[in-house]
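Everything on this sheet refers to the single structure shown next.
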Amino acid sequence: MSSHGIAGRKPLNAYLFLLPAFAVLAGVLLIPIVNGLRLSFFDWPLRNISKAPVFVGFRNYVELFRSEFFRASIRATLIFTLSVVSIELVVGTAIALVLEGDIPGLRFFRTLYVLPIMIAPVVVGVVWRFMYHPSYGKINFFLGQMGINPVGWLSDPEVAMKAVIIADVWQWTPFVFLLVLAGLQGVPKDLSEAARVDGANYTQTLLFVKLPHISSVLGLTAVLRLIDSFRSLVVIFNMTFGGPGVTTEVLSLHLYKTAFISQRLGLSSAIAVILLLLIFALSFVLIVRGVRGEKR
Amino acid sequence: MTIRQKNALLLAAKYVVIIVGALFVLFPIYEMITTSLKYEVDAFKIPPQWIFKPTFANYREVLFQSNFARFFANSIIVAVVSTVVSVAVGALAAYALARWRFRGRTPVVVGTLLLRMIPPVILVVPVFVLFNNLGLTNGRIGLILVYTALTLPFNVWVLRTFILELPYELEESAIIDGCGDLTVFLRIVTPLITPGMAVASIFTFRIAWNEFILSLVLTNRVTRTLPVAVSLFLTDTGTEWGKITAIATIIAIPAFVFTFTAAKSLITGLTAGAVKG
């Protein structure tokens, strides 16, 4: 692809083709982000938005690192992210390994599994909130059938995080499954055949042929899920709004609440800067691999 | 046990996995739809009414009362316009990145990837401030601009891969025949990348139709979109689950339509970049 003779095309036209995209991205993403960075050094209450912000230097950042709530939100984010990513990777990969190969009807089920990914996060939050309802939610009903006492899914501080994790696992395990399945379909058939002919059993074929072959897909899936769960907000917003207490208040929700509940735009901008840096650090892994793949 | 018996057993075990998985995936959706079709009294009965007389009462109330029609129109307008603009602008940029070598191309490609990762919540404060200064808060145009910007990086990325797979000879001969670059793009390239544009359109529509947090901050009582409407309904009325699930089901309709008509495009879009490398 890179050997095409692109000569003879005016470079100016390339810039003209790029111009509309550049204008939108600069106006709505880049400039606001730079402005957000600037705001993180100011004190600016939302209710005095017509007044000029007051420069405070690094005070917002210092306040954050001393803040118990900020630390709690970092902790909540880590628990949430690491739990959902590891559960989804293990379960998704296991299902993909079980279902790989030509099973009649697999395509239909694969289609069904796309549904949760497509459904609006708001809807996911609403539906799970209903299912977790202490008295008429179906989950407590099923538990009751099995002789288990009702659980305060969204009101018990010990349980709420688990409830939020389950909903995310429901929505995103199919994504891992689809990616790993696509990766497995790329494993050359003769490779695993050859292994079997040489006397390898299933576990050996899995460990030494299939997994190495899909390791890059697994890695990318893990990073994609890490980034996405790091940013996830809307499902939790509508299920618990961070509660009870701050047990499910992840970083992005803490950012929102700092801006629009505590009304401190400067402080929330500092949280935004930290969130963005964390996400860029994770994305960097993805991009280094992506660009390397491009050149191959 | 013979090999054939063993294989049959294995296949049966696989179907068990598939069906248990499908039940887990479908149950919340089933619960949403059936609750929306129940009278309030039936929805809360314990033990649950698995068999009930469906009613459209919730839908009737939702559709003809409240401001539902208005929010629905807002959602449609914002999602459709964002999709058209973002895919068109994205295709132009993708073409430049696929077919020209120019100074700064690699940084632009890498930058596109980075921008794709930006969480909408980061934009909430600075875009609110910017739009507040420009008088764009509470309007649909502001929301369309933000959704266009948020979805552009993915569209550029996906469409560029589709363009790179086209043979260059077609474009080359058109250029030799004296066609300008824009003509080549419109007449030759766009018809050939329609599958890519389908993927890009579905994903843009999905983001714009589903997005919540920016719409919550940037719209008002009149310009609100459906996801915000259902969320506020949840906090305002608390227990009217019939109506809430009715709106939720309506929001989910495009998801059903896309899943069952364009599954292949969806899987292409979801795996774009991850599997192809």
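So the protein lines, in turn, are chains X and R. Count along the first sequence from 1, then add 658; that gives the number in my numbering. Count along the second sequence from 1, then add 265; that gives the number in my numbering. All C-beta atoms, glycine included, are put in the ideal place defined by N, C-alpha and C.
Contacting residues, own chain, Cβ-Cβ under 7 Å from residue i (five flanking each side not counted)
i	result
Arg405 of chain R	Asn339, Ile342, Val343 and Thr488
Arg889 of chain X	Ser910 and Ile937
Val875 of chain X	Leu837, Val838 and Gly841
Arg425 of chain R	Ala359, Leu362 and Ala363
Collapsed DSSP secondary structure at residue i in the structure displayed
i	result
Phe699 of chain X	coil
Arg667 of chain X	coil
Arg486 of chain R	coil
Val714 of chain X	coil
Gln314 of chain R	coil
Gln330 of chain R	coil
Trp786 of chain X	helix
Lys303 of chain R	coil
Asp856 of chain X	coil
Arg368 of chain R	coil
Leu401 of chain R	coil
Lys709 of chain X	coil
Leu891 of chain X	coil
His791 of chain X	coil
Glu209 of chain R	Nothing can be reported for residue 209 of chain R: it is not among the residues displayed for chain R, which extend from 266 to 542.
Asn420 of chain R	helix
Leu1016 of chain X	Residue 1016 of chain X is absent from the model: chain X starts at 659 and stops at 954.
Asp442 of chain R	coil
Ala273 of chain R	helix
Phe469 of chain R	In the sequence as displayed, the identity of residue 469 of chain R is Thr instead of Phe. Thr469 of chain R: helix per DSSP, three-state reduction.
Ile806 of chain X	coil
Gly355 of chain R	helix
Pro384 of chain R	coil
Met462 of chain R	helix
Thr831 of chain X	helix
Ile797 of chain X	helix
Proximity below 8 Å, CB of residue i to CB of residue j
i	j	result
Val893 of chain X	Val743 of chain X	no
Leu836 of chain X	Ile532 of chain R	yes
Val464 of chain R	Gly534 of chain R	yes
Leu491 of chain R	Ile512 of chain R	yes
Leu864 of chain X	Glu758 of chain X	no
Ala825 of chain X	Thr898 of chain X	no
Gly400 of chain R	Leu483 of chain R	no
Trp786 of chain X	Pro319 of chain R	no
Asn323 of chain R	Gly507 of chain R	yes
Phe727 of chain X	Val881 of chain X	no
Leu457 of chain R	Leu431 of chain R	yes
Thr769 of chain X	Phe525 of chain R	yes
Val350 of chain R	Ile409 of chain R	yes
Phe699 of chain X	Asn718 of chain X	yes
Trp422 of chain R	Leu378 of chain R	yes
Ile885 of chain X	Ser941 of chain X	yes
Val946 of chain X	Arg883 of chain X	no
Phe523 of chain R	Met776 of chain X	yes
Leu415 of chain R	Ile472 of chain R	yes
Cβ-based burial, residue i [other Cβ within 10 Å; buried from 16]
i	result
Trp315 of chain R	exposed
Leu740 of chain X	exposed
Tyr790 of chain X	buried
Ser850 of chain X	buried
Gln843 of chain X	exposed
Pro779 of chain X	buried
Ser466 of chain R	buried
Leu924 of chain X	Position check: residue 924 of chain X holds Gly in this sequence, whereas Leu was assumed. Buried is the call here.
Ile806 of chain X	exposed
Thr510 of chain R	buried
Gly763 of chain X	exposed
Ser708 of chain X	exposed
Phe895 of chain X	buried
Opposing strand residues paired with residue i [DSSP bridges]
i	result
Arg922 of chain X	X:Pro703
8 Å CB neighbourhood of residue i in its chain, flanking five on each side removed
i	result
Ile478 of chain R	Pro385, Val386 and Val389
Pro808 of chain X	Pro792, Ser793, Asn798, Leu801 and Gly802
Phe866 of chain X	Ala853 and Ala858
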